[in-house]
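Asks: Top to bottom, those sequences are chains V and A.
Be aware that the first sequence starts at 169, since it is given in the numbering used here, and climbs by one per residue.
Be aware that the second sequence starts at 18, since it is given in the numbering used here, and climbs by one per residue.
No residue lacks a Cβ here, since even glycine has one placed at the ideal position from N, Cα and C.
After the structure tokens below, expect a handful of questions from me.
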Amino acid sequence: MRRYNIFYFFQQAFKGLWRNGLMSLAAITVLLSCLVLMGSFSLLVYNVNVNIEEVAQLNEIVVIAELDATDEQIAALSEEIAALDNIKEVKYISEEEGLESERFRYGEYSYLVDDIFENQENILPDVFKITYEDNSRVANLVYQLGQLDHVSKVNNRTDIANDIENIKSGVSFIFVWFLAILFVISIFIIINTIKLGVESRNREISAMRYIGATNFFMMTPFIIEGIIIGLISAGLAYLLQTILYNAIFNAMSNDYKMISVTPLSEVQTYLILGFIVIGVIAGILGSAISLRKYMKV
Amino acid sequence: MIEFNDVTKIFPNGTVALENINLKIEDGEFVFIVGASGAGKSTLMRLLLREEQVTSGVLRVGDYNLNKIPNYKIPYYRRQLGMVFQDFRLFDKKTVYENVAFAMRVIGEPTSVIKRRVPTILSIVGLVDKYKNFPSELSGGEQQRVALARALANNPRIIIADEPTANIDPKMKMEIMNLLVKINSKGKTVIVVTHEKNIVDYFQKRVITIRDGHIVEDRIGGMFEEDETV
Ligand SMILES: Nc1ncnc2c1ncn2[C@@H]1O[C@H](COP(=O)(O)OP(=O)(O)O)[C@@H](O)[C@H]1O
Ligand SMILES: [Mg+2]
Numbered sequence: 169m170r171r172y173n174i175f176y177f178f179q180q181a182f183k184g185l186w187r188n189g190l191m192s193l194a195a196i197t198v199l200l201s202c203l204v205l206m207g208s209f210s211l212l213v214y215n216v217n218v219n220i221e222e223v224a225q226l227n228e229i230v231v232i233a234e235l236d237a238t239d240e241q242i243a244a245l246s247e248e249i250a251a252l253d254n255i256k257e258v259k260y261i262s263e264e265e266g267l268e269s270e271r272f273r274y275g276e277y278s279y280l281v282d283d284i285f286e287n288q289e290n291i292l293p294d295v296f297k298i299t300y301e302d303n304s305r306v307a308n309l310v311y312q313l314g315q316l317d318h319v320s321k322v323n324n325r326t327d328i329a330n331d332i333e334n335i336k337s338g339v340s341f342i343f344v345w346f347l348a349i350l351f352v353i354s355i356f357i358i359i360n361t362i363k364l365g366v367e368s369r370n371r372e373i374s375a376m377r378y379i380g381a382t383n384f385f386m387m388t389p390f391i392i393e394g395i396i397i398g399l400i401s402a403g404l405a406y407l408l409q410t411i412l413y414n415a416i417f418n419a420m421s422n423d424y425k426m427i428s429v430t431p432l433s434e435v436q437t438y439l440i441l442g443f444i445v446i447g448v449i450a451g452i453l454g455s456a457i458s459l460r461k462y463m464k465v
Numbered sequence: 018m019i020e021f022n023d024v025t026k027i028f029p030n031g032t033v034a035l036e037n038i039n040l041k042i043e044d045g046e047f048v049f050i051v052g053a054s055g056a057g058k059s060t061l062m063r064l065l066l067r068e069e070q071v072t073s074g075v076l077r078v079g080d081y082n083l084n085k086i087p088n089y090k091i092p093y094y095r096r097q098l099g100m101v102f103q104d105f106r107l108f109d110k111k112t113v114y115e116n117v118a119f120a121m122r123v124i125g126e127p128t129s130v131i132k133r134r135v136p137t138i139l140s141i142v143g144l145v146d147k148y149k150n151f152p153s154e155l156s157g158g159e160q161q162r163v164a165l166a167r168a169l170a171n172n173p174r175i176i177i178a179d180e181p182t183a184n185i186d187p188k189m190k191m192e193i194m195n196l197l198v199k200i201n202s203k204g205k206t207v208i209v210v211t212h213e214k215n216i217v218d219y220f221q222k223r224v225i226t227i228r229d230g231h232i233v234e235d236r237i238g239g240m241f242e243e244d245e246t247v
């Protein structure tokens, strides 16, 4: 096979886009909207996940021992905790370690900690940090821990973590379906755009067939047309997404410091790659599907 | 050589378009195919183009057995044929030059070859001075000459013309026919399907008459049978 003129293929593809201008515009608009929705959803889920992970670090039970408990009593308590059901890991933090982490917390003012606690015994309680195996039996575990001797307090933040976990799986479920539907809609529009192009050139294509044009020769301009639609949509979607996200990022960073919003620069590579990949796949799939019917011998 | 060996074509709806056709056309022959409307002439052409496949029998063209040719080879097979239709089927948005050049581009000819060859071909059909015109600016006869030039572009061994003079001014019909004879004299096989009695009678070539899907006469220097005229 001789080398075909690449320039010819691209020229034809752009002519095709131009010829069905309105339909191409519609295809680009719909694909672009789909991409921005996909992008927004992905970024939302990503940020929710980041925040959940931060909250999930609270996903432990903190048992605070009584201040005046003796070393022997603490040792006994440690064994009792370890013997309980549904325990994954018990981390013992002694008073000294507690002081050390207080010093760390105060950074350059850590000398204040030493000033305050100097020559004093039993200022900070001993603490056990407990992680567990089974979410559903946490309430029971918390109750059992509370019943043990020399326990002054049981802190538990697991409820919040559980709630968020549930929201997260719900959102992910809707997310996947929503994306799938949007993707199908985009492909459908591209199929129709390319179909219009093929139909308006039906006479030409049948004449090409008699001259001995291969399917490759006849299909390539349409495939490229689909790819161009995908690429243009991806580029515009990225622009729009950047503007939208930065606006939201600025608003959120100013007003709700408790929620951490990832700056776009951290995820932009994935975003642009994702847009291009999805856009191009939609373009190729759409044109391939619409050509299938026409490319008989 | 073109060889129909006991070829039958039955369409899916049950229409028997051709039945037990036996026919040999040697390289370099000039053949008229005549017959009433619906006789099966176009079906014969479409079998040759491998647009349709035979229902039974064997059809060979040159080195190709059209019963066995795989789909991907069909475009390459068709490059041996130059097709001319009664409705011209030119590329409306391309100029005369581009119509011919495009046929060469389709098969991947380099631009240097295209630039050299198109003027030569246009001079054969006498259209050099119209190379910049679009088909809509030409008469029927001129358009058919462009179609002929395009059919010749890739130097095919066989020219197939399905009613080439049907849509052409009576004065210009002979011009097209003379061109086809001239092309034949350069060694190409030429097959002309036609309805036009006076043309067939004038040229005194081999005439194959088809009636209801059968070859009823095959005679060199033949005439158009009176009862076949439409
Ligand atoms: N695709 C088709 N499906 C069914 N019948 C067809 C088809 N093409 C042609 N025919 C029938 O086959 C017969 C021969 O048609 P055709 O070869 O076109 O005749 P001609 O070209 O001699 O006028 C006619 O009866 C026609 O109706
Ligand atoms: Mg016919």
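1) Just verifying my parser: in three-state terms, what is the DSSP assignment at A/M100?
2) By the three-class DSSP mapping on this structure, what secondary structure does A/K214 have?
3) For V/L212, count neighbouring Cβ atoms within 10 angstroms of its own Cβ and tell me buried if that reaches 16, exposed if not.
4) Verify the contact flag: V/S210, CB atom, against every heavy atom of ligand 2, threshold strictly below 6 angstroms.
5) Classify V/I373 as helix, strand or coil using the three-state DSSP reduction.
6) Give every residue of the same chain whose Cβ lies closer than 6 angstroms to the Cβ of V/G365, excluding the five residues on either side of it in the sequence, and list them in chain order.
7) State buried or exposed for V/K461, treating a residue as buried only when at least 16 other CB atoms are found within 10 Å of its CB.
8) Which residues, taken in chain order from the region 53-72 of chain A, show a beta carbon closer than 8 angstroms to some beta carbon of chain V?
9) Tell me whether A/E43 sits in a helix, a strand or coil according to DSSP, three-state version.
10) At a threshold of 6 angstroms, does A/K214 count as lining ligand 1 (C-beta to nearest heavy atom)?
11) Report the residue from A/I86, A/G238, A/D229 whose alpha carbon sits nearest the alpha carbon of A/G55.
12) Give a single yes or no on whether A/S59 has its beta carbon closer than 6 angstroms to a heavy atom of ligand 2.
13) Nearest by alpha-carbon distance to A/T60: which of A/N116, A/L35, A/Q97, A/M189 is it?
14) Report the partner residues of V/F296 according to the DSSP bridge assignment.
15) Which two residues bound the contiguous beta strand (DSSP E) that contains V/T430?
16) Could you have a look at A/R67 and say whether DSSP puts it in helix, strand or coil?
17) In the DSSP output, what is A/R236 paired with across the bridge?
18) Give a yes or no on whether the minimum CB-CB distance between A/F108 and chain V is below 7 angstroms.
19) Under 8 angstroms by Cβ, that's how I've got A/I175 and A/Q97 pegged, so tell me the actual separation to the nearest angstrom.
20) Just to confirm my understanding: we take V/R305, look at its own chain, exclude 5 residues before and 5 after, and list those with CB closer than 7 angstroms. What are they?
21) Against chain A, which members of the region 369-388 of chain V pass a CB distance test of less than 8 angstroms?
22) Is V/L459 close to chain A, meaning its C-beta is less than 7 angstroms from at least one C-beta of that chain?
23) Kindly list the residues whose CB is nearer than 6 angstroms to the CB of A/F47, restricted to its own chain and excluding five residues on each side of it in sequence; keep chain order.
24) In three-state terms, what does DSSP make of A/D179?
25) Are the Cβ atoms of A/T112 and A/K58 separated by less than 7 angstroms?
26) Applying a beta-carbon distance threshold of less than 7 angstroms, which residues of chain V neighbour A/P92?
27) Taking V/G380 as the reference, give the member of A/F28, A/N88, A/V51, A/L76 with the closest Cα.
Replies: Walking through what the data contain:
1) strand
2) helix
3) exposed
4) no
5) helix
6) G184, N188
7) exposed
8) L66, R67, E68
9) coil
10) no
11) A/D229
12) yes
13) A/L35
14) V/V231, V/Y260
15) Element bounds for V/T430: n/a, residue is neither H nor E.
16) coil
17) A/V224
18) yes
19) 6 angstroms
20) N254
21) R371, E372, S374, A375, M376, R377, Y378, I379, G380, A381, T382, N383, F385
22) no
23) N201, V207, K222
24) strand
25) no
26) G380, A381, T382
27) A/N88
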